[in-house]
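**Q**
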Amino acid sequence: ENKPISTSILQLSVIDQDSSHNGPPFDFRILSGNEGGEFVLEKDGTLLANQVFRRDLATEYSILIQVTDSGKPRLSSSSMLTVRVIEESLHRPVALPLEVHIVTMEDEFPGGVIGQLHATDADPYDALTFGHAPPAQRSLFKISPRDGKIIALGGLDAGRYSLNASVSDGRFAVPVPVSVHVEQATPEMLREAVTVRFESVSPQDFVALHLKSVLKVLQQAAASQQQDKLHLLSLQPVGGTQQLDMLIAVETAAGGYYKAAYLTQKLSASRRQLEEVLRVSAILDKNCSGLECRGAQCEQTIILDSHNLATYSTPRVSFVSPRFHRTSRCTCN
Numbered sequence: 001e002n003k004p005i006s007t008s009i010l011q012l013s014v015i016d017q018d019s020s021h022n023g024p025p026f027d028f029r030i031l032s033g034n035e036g037g038e039f040v041l042e043k044d045g046t047l048l049a050n051q052v053f054r055r056d057l058a059t060e061y062s063i064l065i066q067v068t069d070s071g072k073p074r075l076s077s078s079s080m081l082t083v084r085v086i087e088e089s090l091h092r093p094v095a096l097p098l099e100v101h102i103v104t105m106e107d108e109f110p111g112g113v114i115g116q117l118h119a120t121d122a123d124p125y126d127a128l129t130f131g132h133a134p135p136a137q138r139s140l141f142k143i144s145p146r147d148g149k150i151i152a153l154g155g156l157d158a159g160r161y162s163l164n165a166s167v168s169d170g171r172f173a174v175p176v177p178v179s180v181h182v183e184q185a186t187p188e189m190l191r192e193a194v195t196v197r198f199e200s201v202s203p204q205d206f207v208a209l210h211l212k213s214v215l216k217v218l219q220q221a222a223a224s225q226q227q228d229k230l231h232l233l234s235l236q237p238v239g240g241t242q243q244l245d246m247l248i249a250v251e252t253a254a255g256g257y258y259k260a261a262y263l264t265q266k267l268s269a270s271r272r273q274l275e276e277v278l279r280v281s282a283i284l285d286k287n288c289s290g291l292e293c294r295g296a297q298c299e300q301t302i303i304l305d306s307h308n309l310a311t312y313s314t315p316r317v318s319f320v321s322p323r324f325h326r327t328s329r330c331t332c333n
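Residue numbers (UniProt numbering): 1 to 333.
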């Protein structure tokens, strides 16, 4: 409703099983339903508005369209097209701000989908499109117009990025703030990393419902000084279970890292506070059973796979990290 003359309504598509010299170019004609000249059908099959449509005049039009091929003899087919006149958009889209957290290895981030914009519109027929807010500038991120997925290009360095996104219903466009935090996992972090294993939670639910609360409790439990910093390195489900592994390390104000055994001890002492947020199955450090070490010490090494990324996207928060696995080795004192 109230769209200007020459607004594109539809691009017709044709399937013809004849060979190329008997198919296109096709000839399009309106056979009936356009007695008032409301529509124009272009040679390429684009249907245009030839008037400003109003619902008080008509709410629906039925048009019979014929398409003819270029063969000898020329063959044709017809199809009925229904055009509904819907109310002009009255409401602005409502979009949620998005926080994206990305963990990378020392090599560059390979790129890929890192999250998705979410928006709603109270107008029932509005089709939302997503993109960068004007003015358009070169960006390290692309936004899919149809579904709002955000794609990061390769070579993303560690740091913080602000993305000015927008969502439009064709009449109203609203800004969508997006913050992207890229953190680099180092070998020092992995050497002293500890796994907190949670019960009965999926990665998406954890990110959407529990992540911020869990990080707050962990920061309070693990940090001896206010300047100590908690690093979230990875999230991944435990195969064959409903458990979830969370890999963390804590950096001291002086620049080193808590030893894994010390961090495990501190977290174990605060397990009750942590379980007020979510049930904990285990807190795992580098030690292992050592059944094959015959008296020698068994030690686990955590390896992040930079080419195997997991993206857990929710409406407000998205977390992207490499998956990890453990290897065990025997060490002699």
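Note that CB positions come from ideal geometry on N, CA and C, so glycine has one too.
Please report the Cβ distance between Leu48 and Thr7, rounded to the nearest whole angstrom; I am assuming they are in contact, meaning their Cβ atoms lie under 8 Å.
**A** The sequence position of residue 48 within the sequence shown is 48, counting from 1. The sequence position of residue 7 within the sequence shown is 7, counting from 1. Indeed, because the Cβ distance is near 7 Å, the residues count as touching under 8 Å.
**Q** What are the start and end residues of the beta strand (DSSP E) that includes Gln11?
**A** Residue 11 sits at position 11 when you count from the first residue of the sequence shown. Counting along the chain, the beta strand (DSSP E) containing Gln11 begins and ends at 8–11.
**Q** How do the segment 147–160 and the segment 209–224 stand: do at least 3 beta-carbon pairs fall below 8 Å, yes or no?
**A** Cβ pair count under 8 Å is below three, so no.
**Q** Alpha carbon to alpha carbon, how far is Ile86 from Tyr125? Give it in angstroms, no decimals.
**A** One-based indexing of the sequence shown puts residue 125 at position 125. One-based indexing of the sequence shown puts residue 86 at position 86. Their Cα atoms are separated by approximately 7 Å.
**Q** Met189: buried (16+ other C-beta within 10 angstroms of its C-beta) or exposed?
**A** On the sequence shown, position 189 is the one that residue 189 refers to. Per the 10 Å Cβ criterion, buried.
**Q** Quick check on DSSP: helix, strand or coil for Arg272?
**A** As a first step, residue 272 must be located in the sequence shown, where it is residue number 272. Residue state, collapsed to three classes: helix.
**Q** Residues bridged to Ser213 by DSSP?
**A** Stepping through the sequence shown from its first residue, residue 213 is reached at position 213. Per DSSP, none; premise fails for Ser213.
**Q** Report back the beta-carbon spacing between Pro97 and Val176 to the nearest angstrom; my notes put them in contact at under 8 Å.
**A** Along the sequence shown, read from residue 1 onward, the residue named residue 97 stands at position 97. Along the sequence shown, read from residue 1 onward, the residue named residue 176 stands at position 176. With a Cβ gap of about 7 Å, Pro97 and Val176 count as contacting.
**Q** Hey, which unbroken runs of the alpha helix (DSSP H) at 4 residues or more fall wholly within the segment 78–146?
**A** Those alpha helix (DSSP H) runs which fall completely within the segment 78–146 and span 4+ residues do not exist here.
**Q** Tell whether a beta-carbon distance below 8 Å holds between Leu263 and Glu192.
**A** Within the sequence shown, the letter at position 263 stands for residue 263. Within the sequence shown, the letter at position 192 stands for residue 192. Yes, they are a contact pair.
**Q** Closest to Tyr61 by C-alpha separation, out of Ser70, Arg160, Gly36, Gln17, would be which residue?
**A** In the sequence shown, residue 61 corresponds to position 61, counting from 1. The shortest C-alpha separation from Tyr61 is found at Gly36.
**Q** Using the beta-carbon count (16 or more within 10 Å), is Ala185 buried or exposed?
**A** Reading the sequence shown from its first residue, position 185 is the one you call residue 185. Classification for Ala185: buried.
**Q** Measure the alpha-carbon distance for Phe198 versus Leu140 and round it to whole angstroms.
**A** In the sequence shown, counting from the first residue as 1, residue 198 sits at position 198. In the sequence shown, counting from the first residue as 1, residue 140 sits at position 140. Cα to Cα, the separation comes out at about 35 Å.
**Q** Give a yes or no on contact between the segment 236–249 and the segment 196–210, applying the rule of three or more CB pairs nearer than 8 Å.
**A** In short, these stretches touch, since the Cβ pair count reaches three.
**Q** If you follow the beta strand (DSSP E) that Glu251 is in, where does it begin and where does it stop?
**A** Mapped onto the sequence shown, residue 251 falls at position 251. 244–251 is the span of the beta strand (DSSP E), which, as asked, contains Glu251.
**Q** Distance, Cα to Cα, Arg29 vs Phe53?
**A** Residue 29 sits at position 29 when you count from the first residue of the sequence shown. Residue 53 sits at position 53 when you count from the first residue of the sequence shown. So the alpha carbons of these two residues sit roughly 21 Å apart.
**Q** Using a 10 Å radius around the Cβ and a threshold of 16 neighbouring Cβ atoms, would you call Ile303 buried or exposed?
**A** Within the sequence shown, residue 303 is the residue found at index 303, counting from 1. Per the 10 Å Cβ criterion, exposed.
**Q** With DSSP as the reference, label Glu188 as helix, strand or coil.
**A** On the sequence shown, residue 188 is found 188 positions in, with the first residue counted as 1. Residue state, collapsed to three classes: helix.
**Q** Helix or strand or just coil, what does DSSP make of Val176?
**A** Residue numbering aside, residue 176 sits at position 176 when the sequence shown is read from its first letter. Reduced to three states, the DSSP call for Val176 is strand.
**Q** Excluding sequence positions up to five away, which residues of its chain have a Cβ less than 6 Å from the Cβ of His118?
**A** Numbered from its first residue, the sequence shown carries residue 118 at position 118. Excluding positions up to five away in sequence, the list reads Leu96, Pro315.
**Q** Please classify Val207: does DSSP put it in a helix, a strand, or coil?
**A** The residue labelled residue 207 in the question sits at position 207 within the sequence shown. Here Val207 sits in helix by DSSP.
**Q** Among Ser76, Leu41, Ile9, which residue has its Cα nearest to the Cα of Pro24?
**A** For this step, residue 24 is matched to residue 24 along the sequence shown. Closest by alpha carbon: Ser76.
**Q** Assuming Pro110 contacts Thr129 under a Cβ cut-off of 8 Å, what Cβ separation, rounded to an integer in Å, is found between them?
**A** Translated into the one-based positions of the sequence shown, residue 110 becomes position 110. Translated into the one-based positions of the sequence shown, residue 129 becomes position 129. With a Cβ gap of about 28 Å, Pro110 and Thr129 do not count as contacting.
**Q** Just to confirm my understanding: we take Gln300, look at its own chain, exclude 5 residues before and 5 after, and list those with CB closer than 6 Å. What are they?
**A** Your numbering for residue 300 matches position 300 in the sequence shown. Cβ neighbours of Gln300 beyond the five flanking positions: Lys286, Cys288, Arg326, Ser328.
**Q** With distances taken between CB atoms, is the gap from Glu1 to Glu108 smaller than 8 Å?
**A** Counting from one through the sequence shown, the residue named residue 1 turns up at place 1. Counting from one through the sequence shown, the residue named residue 108 turns up at place 108. Contact flag unset, no.
**Q** With C-beta atoms as the reference, is Leu233 less than 8 Å away from Ser321?
**A** Looking up residue 233 in the sequence shown gives position 233. Looking up residue 321 in the sequence shown gives position 321. In this structure, Ser321 lies closer than 8 Å to Leu233 by Cβ.
**Q** Output needed for residue 338: all residues of its chain with C-beta closer than 6 Å, excluding positions within five of it in sequence on either side, in chain order.
**A** Since the displayed the chain opens at 1 and closes at 333, residue 338 lies outside it and no answer follows.
**Q** Between the beta-carbon of Ile114 and the beta-carbon of Thr311, is there less than 8 Å?
**A** Stepping through the sequence shown from its first residue, residue 114 is reached at position 114. Stepping through the sequence shown from its first residue, residue 311 is reached at position 311. Contact flag set, yes.
**Q** Closer than 6 Å by C-beta to Phe206: which residues in its own chain qualify, once you throw out the five before and the five after it? Chain order, please.
**A** Mapped onto the sequence shown, residue 206 falls at position 206. Excluding sequence neighbours, Phe206 sits near Leu244.
**Q** Quick one: using the 10 Å Cβ neighbour count with 16 as the cut-off for buried, is His21 buried or exposed?
**A** Start at 1 with the first residue of the sequence shown, and residue 21 comes out as number 21. Exposed, because fewer than 16 other Cβ atoms sit within 10 Å of the Cβ of His21.
**Q** What does DSSP give as the partner residue(s) for Arg329 in the beta ladder?
**A** What you label residue 329 is simply residue 329 of the sequence shown in a count that begins at 1. Answer by DSSP bridge pairing, in chain order: Glu299.
**Q** Anyone know if the C-beta pair for Val174 and Arg74 falls short of 8 Å?
**A** For the purposes of this step, residue 174 is identified with residue 174 of the sequence shown, where counting begins at 1. For the purposes of this step, residue 74 is identified with residue 74 of the sequence shown, where counting begins at 1. Cβ distance not < 8 Å, so Val174 and Arg74 don't count as in contact.
**Q** For a quick check, are the C-beta atoms of Phe26 and Ile63 less than 8 Å apart?
**A** Numbered from its first residue, the sequence shown carries residue 26 at position 26. Numbered from its first residue, the sequence shown carries residue 63 at position 63. No, these two residues do not count as a Cβ contact at 8 Å.
**Q** Assign residue 334 to one of three DSSP states: helix, strand, or coil.
**A** Since the first residue of the chain shown is 1 and the last is 333, residue 334 is not available in this structure.
**Q** Please report the straight-line C-alpha distance between Glu251 and Asp169, rounded to a whole angstrom.
**A** On the sequence shown, position 251 is the one that residue 251 refers to. On the sequence shown, position 169 is the one that residue 169 refers to. Using only the alpha carbons, I get a separation of about 46 Å.
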